[in-house]
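Take a look at the structure below.
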Amino acid sequence: MIYKPDEVSNLKKGKQIYVEIKEGDVRILRRNYCGVYELYHKNNNKRIEYFEDLNLFKNRYGSLKKKFPLYNLSRQRLDIYSIAESSSIKDLLKWFQEYGKVSLIRTDKYEDIEIDYYDFVSDTENTLSNFQIIKSETDFTINISIKNESKIKKAV
Numbered sequence: 001m002i003y004k005p006d007e008v009s010n011l012k013k014g015k016q017i018y019v020e021i022k023e024g025d026v027r028i029l030r031r032n033y034c035g036v037y038e039l040y041h042k043n044n045n046k047r048i049e050y051f052e053d054l055n056l057f058k059n060r061y062g063s064l065k066k067k068f069p070l071y072n073l074s075r076q077r078l079d080i081y082s083i084a085e086s087s088s089i090k091d092l093l094k095w096f097q098e099y100g101k102v103s104l105i106r107t108d109k110y111e112d113i114e115i116d117y118y119d120f121v122s123d124t125e126n127t128l129s130n131f132q133i134i135k136s137e138t139d140f141t142i143n144i145s146i147k148n149e150s151k152i153k154k155a156v
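Going left to right, the sequence shown walks through residues 1 to 156 as full-length UniProt numbering numbers them.
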């Protein structure tokens, strides 16, 4: 049986199913014994995409590109990029502020390009992530660091 990404509800460790990502693009979604989800083509299992949980898989390949809870920008950056393409800067920052604290660190200007440097502290995971918003006259791009700065320690 072939499933759509939104139809996948749960996989037991060691099990696999067929998932149709796009029209005619059928891949295997497997949950390994460590609990990590692996997505790969049935003909080429050397190129594997890993997901820590099923929600990350659904956010990436689901039919609806909707906003989702943010807990770690570095882990979720690929999903954030796809949503940022259809959002405004104001909406993007508002979305980030719903799930953590956003601080503007500095702004640099180079000719007609403006770069805003931000820190994001997650409410749920207490991680510090860095990101930049690069603005030109017509549009903008977001860049999220691959690794978090560090865990934030709470005072007891």
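Positions of the beta carbon are idealized from the N, C-alpha and C atoms, including for glycine.
Bear in mind the structure is a predicted one, so any value in this text is a computation, not a measurement.
Same chain, Cβ closer than 8 angstroms to residue i, neighbours up to 5 away in sequence not counted
| i | result |
| --- | --- |
| residue 147 | 74 |
| residue 12 | 31 |
| residue 89 | 133, 135 and 140 |
For residue i, three-class secondary structure by DSSP
| i | result |
| --- | --- |
| residue 98 | helix |
| residue 91 | helix |
| residue 144 | strand |
Other residues of its chain near residue i: CB distance less than 6 angstroms, five sequence neighbours each side excluded
| i | result |
| --- | --- |
| residue 41 | 27 |
| residue 51 | 37 and 57 |
Sequence-distant residues of the same chain with beta carbon closer than 7 angstroms to residue i, five excluded per side
| i | result |
| --- | --- |
| residue 96 | 70, 102 and 120 |
| residue 33 | 13 and 14 |
For residue i, the nearest candidate out of the options (CA to CA)
| i | options | result |
| --- | --- | --- |
| residue 15 | 36, 23, 7 and 85 | 36 |
| residue 61 | 10, 33 and 78 | 78 |
Assumed close pair residue i, residue j - CB separation to whole angstroms, cut-off 8 angstroms
| i | j | result |
| --- | --- | --- |
| residue 219 | residue 131 | Residue 219 falls outside the range modelled here, since the chain spans only 1 to 156, and no answer is possible. |
| residue 104 | residue 118 | 6 angstroms |
| residue 17 | residue 3 | 6 angstroms |
- Message: Which complete beta strand (DSSP E) runs does the segment 3 to 81 hold, if anything under 3 residues is left out?
- Response: Entirely contained in the segment 3 to 81, the beta strand (DSSP E) runs reaching 3 residues are, in chain order, 16 to 22, 25 to 31, 37 to 41 and 49 to 51.
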